[in-house]
Amino acid sequence: MPETPLILICNDDSVDAPGLRNLIEAVAGLGHIVAVAPAKPQSGKSSAITVDKPLRIDRRPDIGEAEVYAVTGTPVDCVKLAMHTVLSGRKVSALLSGINHGSNAGNCVIYSGTMGAAFEACMLGIPAIGFSLLHHSWKADFSQCKPFVRSITAAVIARGLPKGICLNVNIPARCVPKGIKIVRAGEGYWTEEYVDYTDPQGRPFYLLTGRYIDTNPESDQTDSYWLDRDYVTVVPVRPDPTAADKLEEIREILADR
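According to the working numbering, the residues represented by the sequence shown are 2 to 258, in order.
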């Protein structure tokens, strides 16, 4: 008899985020689900780990058939601590991260705590997927994205992923997605990133803001292009950032050093 798949779920919006509950509901029945998520919101933490204070993991009420735990740390802390404690010695069939409240398209993958958790699992040899809905509100409607989350997850559990590769999945909001496009990440950058303020004592402080500039908006090879046209995008990404195609060029640049 085939072994029941074990699905580990994490996020960066916290154990209380609606996106976590909706992800659990979307994949219910595909395997035994264990959710280990940050006790507090950890957006933008990328692959940060906690090294300066102790971590705690506490059991929370189940969501459906899923076991739920809260960790006093980052998304990557959640993956590491889940493997060390709750899942010690057990084979994980898939790591799902999300469903994030907001986009992780383009170069947002660099900053994303959602994808930080996926990268960590990928480095451990676990098939991993990060899911994001392009809607920041905790009142966002996840119903239209659930069928896509479920079908992508089922395919990865059944067939696996290439070694060293995980998936960054972004889903348009306020619409019924037209389908799935497997593409590359859009090219762009953030600008006007801080707003200046002064506190009552006259000291300056700054709050992160800004807007994203797509430098190639007409390219039909990118996630940003297809998200604007109401398609779910799947971008294969890897935690290994080595520019293997540039090794020889760098050897030539440094030849005399």
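Note that CB positions come from ideal geometry on N, CA and C, so glycine has one too.
query: Determine the extent of the alpha helix (DSSP H) in which ASN23 is found, giving its start and end residues.; result: 19-28
query: Of the choices ARG239, ILE8, VAL235 and GLU4, whose alpha-carbon is the least far from that of PHE1?; result: Past the edges of the chain, shown from 2 to 258, lies residue 1, and the structure says nothing about it.
query: Using 8 Å for Cβ pairs, my map puts GLU122 next to VAL80. What's the rounded Cβ distance?; result: The displayed chain sequence assigns Ala, not Glu, to residue 122. With a Cβ gap of about 6 Å, ALA122 and VAL80 count as contacting.
query: What's the gap between the Cα of LYS147 and the Cα of ALA27?; result: 5 Å
query: Please state whether DSSP places GLU249 in a helix, a strand or coil.; result: helix
query: Using the beta-carbon count (16 or more within 10 Å), is VAL287 buried or exposed?; result: With the chain covering 2 to 258 only, the question about residue 287 has no answer from this structure.
query: Answer with yes or no whether the minimum CB distance from LYS179 to chain B is below 8 Å.; result: Of the protein chains in this structure there is only one, and it is not chain B.
query: How big is the Cα-Cα spacing for VAL110 and ALA119?; result: 10 Å
query: In the region 80-152, which residue ranges form an unbroken beta strand (DSSP E) of at least 3 residues, counting only runs that do not cross its ends?; result: 95-102 and 129-134
query: For THR243, count the other beta carbons within 10 Å of its own beta carbon; 16 or more makes it buried, fewer makes it exposed. Which is it?; result: exposed
query: Alpha helix (DSSP H) containing LEU228: first to last residue?; result: 224-228
query: Does the region 206-213 come within contact of the region 138-157, defined as at least 3 CB pairs closer than 8 Å?; result: no
query: Can you tell me which of ASN105, THR115 and ASN108 puts its alpha carbon nearest to the alpha carbon of THR75?; result: THR115
query: Would you mind sorting PRO39 into buried or exposed? The rule is 16 or more other CB atoms within 10 Å of its CB.; result: buried
query: PHE143 to GLU250, Cα distance in whole Å?; result: 46 Å
query: For ARG212, which three-state DSSP category applies?; result: strand
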